[in-house]
Structure formats: C-alpha cells, structure tokens
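Numbering (the working numbering), first residue to last: 74 to 360. Just so you know, even glycine gets a beta-carbon here, dropped at the ideal spot from N, CA and C. Note that the structure is predicted; figures quoted are calculated from it, not measured.
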DNA sequence: AAGATCGCCTGCAGGC
DNA sequence: TGCCTGCAGGCGATCT
C-alpha cells in the first residue's frame, strides 16, 4: 500500500523518465480511473493534449505534474494498488493498465491500478499551506518532509482531538503521507497504544510520535530509493523493499523486537492495528 | 461540527 | 472442486 516513501519513489522515477516531454496521445482504458476529472474523459484528454510535463511534485501521497499551462496540473493518486510504469513499447502492457499517456521524447507513461481506488485528473492550481497545489487537494496538510511542516503546531493540533491517536495520525488534513503501516510503526517507536485519545497524550509525546513517523518513513525512503529498475517505476506495498524493517505491522503472534512482549492485532476502524502488549500497554480507565 | 461509519474495488487465502 | 467469507486500506461521501 503506497504511503509517502513509496509515492516519493514513484515521483522521483516519473521526474527522471518523463520531465520535459510532451504528451502526444492519451488512451483511457478505464473510465473509473479518470472519475475525478470533472469535465469527463474527453475533457481530461483535451486538457492534456500537446501539453509538456514540466516537473513532478508531491505532497503526502499525492503526485502532480506541472504543465506548460501554468494554471493547471495533472494529478496522480495511486490509491491502494496504483503503479506508474515507463515503457518504451505498448506491447506487454500490464493487465491492469488503465490510462496510457504517450510522450515525446520519453517512454509511455502507463498508469496501472488493479483495484481502481487511485486515478488521474487535471485540476487548477491554488495556494494552500505555503504551496501552489491542485485545488482538489487543498485540504491535504503538509507532510513531515516539507519545510513548512511545523511539528510543534501539528502536535498541538493533534492534542485538541479526542479521537484515538492513530486516527489523528492517519488524518491527512492534520499531517499527510502516513498510512496504516507507518502509523503502526511510528506508534511502536514512540511506545504508544494506538487507541489512546490524542487529547490524553502529552505534547512532548505527540512530537516524539511525529518525529518517529518522519524517521521511519525516511529510512524506508533511503532503502527504497536505490532498489528499483531504471525502466520500471515500481510500487509494491506488501512484498516490497521496505517491509523487512517493520517492527510491529504484520507481526501478530511474534515477540516484540524491543522488549520480547507479544505483538497482537486488533480491529480498528475496519482495518488492523498492531501493537506490543507490554511496551505499548493499554491504560486502564482514568479515575 | 467533529467524529464515526460506509462504499468503492479486485484478488487471494482459508474454511467447508 | 467450488463456493463463500474475510481481508487488504486510501479517501471522499454521508451519516450522527
């Protein structure tokens, strides 16, 4: 499941393969993959035809390409299963190829997405959280790697919520880029039970949690940035290059690498949460 | 009005 | 063998 580090690897690959090239053809194979484009598929194609992709930007899990037209951008979101491939030939397309942009002089940009939670659309640019971003993602907060990210302010904002601290950490309107895997890893590093109300966690501990999230994503990025083929802009959530260093996520029934306690899996908002029952102990109700 | 829940979507693993 | 259920989870929409 692509979270910030995986998305950044894709962005960097796109920058390397496609930046500066001109879009010569647009092939939409799945209407669902362009559903976020408000003008419909024809409008999507019209907005991109003959445009040059100038550079590739990212905030959190969103990628966008700046175009010749300074007022619009091509937004790419990978969702759960999205990949972007650079292919010289249109033969041997992946089974789930959904949108293909042909570029000159560059490989074809193939957007592949098994589950179609992701997609592409063209959008107007507006100012938000210190940057020019596509309008449709103006509500997305800065991610921990942006210069504008203010860890003290974000921790303070988290503390104002009564929701489970994991829920707030996953809220892309508070801090972006963190998904289920890195949330559990950050909580493990900070020795926090995911279910604790954020309002019940100290400001210092919330800062520690945000620092841990940045650290674990930074390490994944360092490991992933060197490990993919030059022609294949890869995203692989489950079996990929970053799963080997996980301490809590997916380790149900294993001993905690830090204290030897038991890692358990619990239900959380219709998904999973992993924690150590010893060093991420659940507090008994106060008073 | 913040916070919780739902629906989207496909492939695969496991149980019977 | 084949059917069924659950699971994976990002994110916007829709409820309370």
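Let me confirm a value: residue i is counted as buried when at least 16 other C-beta atoms fall within 10 Å, else exposed. Which label applies?
i           : result
residue 147 : buried
residue 344 : exposed
residue 357 : exposed
residue 139 : buried
residue 209 : buried
residue 297 : buried
residue 239 : buried
residue 221 : exposed
residue 83  : buried
residue 216 : buried
residue 233 : exposed
residue 79  : buried
residue 332 : exposed
residue 136 : buried
residue 131 : buried
residue 257 : buried
residue 410 : Outside the displayed range of the chain (74 to 360) lies residue 410, so it cannot be described from this structure.
residue 150 : buried
residue 339 : exposed
residue 225 : exposed
residue 214 : buried
Which of the three DSSP states, helix, strand or coil, is assigned to residue i?
i           : result
residue 193 : strand
residue 257 : helix
residue 271 : helix
residue 284 : helix
residue 341 : strand
residue 120 : helix
residue 237 : strand
residue 188 : coil
residue 167 : coil
residue 86  : helix
residue 78  : helix
residue 289 : helix
residue 250 : coil
residue 352 : coil
residue 107 : helix
residue 210 : helix
residue 114 : helix
According to DSSP, which residues form a beta bridge with residue i?
i           : result
residue 131 : 136
residue 204 : 201
residue 182 : 159, 174
residue 95  : 125, 177
residue 335 : 328
residue 100 : 173
Would you say residue i touches the ligand MN, meaning its beta carbon is less than 7 Å from a heavy atom?
i           : result
residue 137 : In terms of ligand content, the structure shown is empty, and the ligand MN therefore cannot be addressed.
Within its chain, find whatever has a CB closer than 6 Å to the CB of residue i; leave out the 5 residues flanking it on each side and keep chain order.
i           : result
residue 167 : 185
residue 262 : 285
residue 103 : 171
residue 175 : 97, 98, 181
residue 349 : 329, 334, 336
residue 303 : Low local confidence applies: a pLDDT of 39 at residue 303 is under 50, so the model's placement there is unreliable, and no value is given.
residue 88  : 129
residue 190 : 152, 153
residue 287 : 217
Ignore the nearest five residues each way along the sequence and tell me which others in residue i's own chain have a CB closer than 8 Å to its CB.
i           : result
residue 117 : 99, 101, 107, 110, 193, 194, 195
residue 92  : 126, 127, 128, 129
residue 327 : 336
residue 243 : 251, 252, 253, 256
I need the boundaries of the beta strand (DSSP E) containing residue i, first residue and last residue.
i           : result
residue 148 : 145-150
residue 346 : 344-349
Just curious, the alpha helix (DSSP H) that residue i is in, first and last residue?
i           : result
residue 232 : 224-232
Which same chain residues, not among the five before or five after residue i, have their C-beta less than 7 Å away from its C-beta?
i           : result
residue 179 : 90, 91, 94
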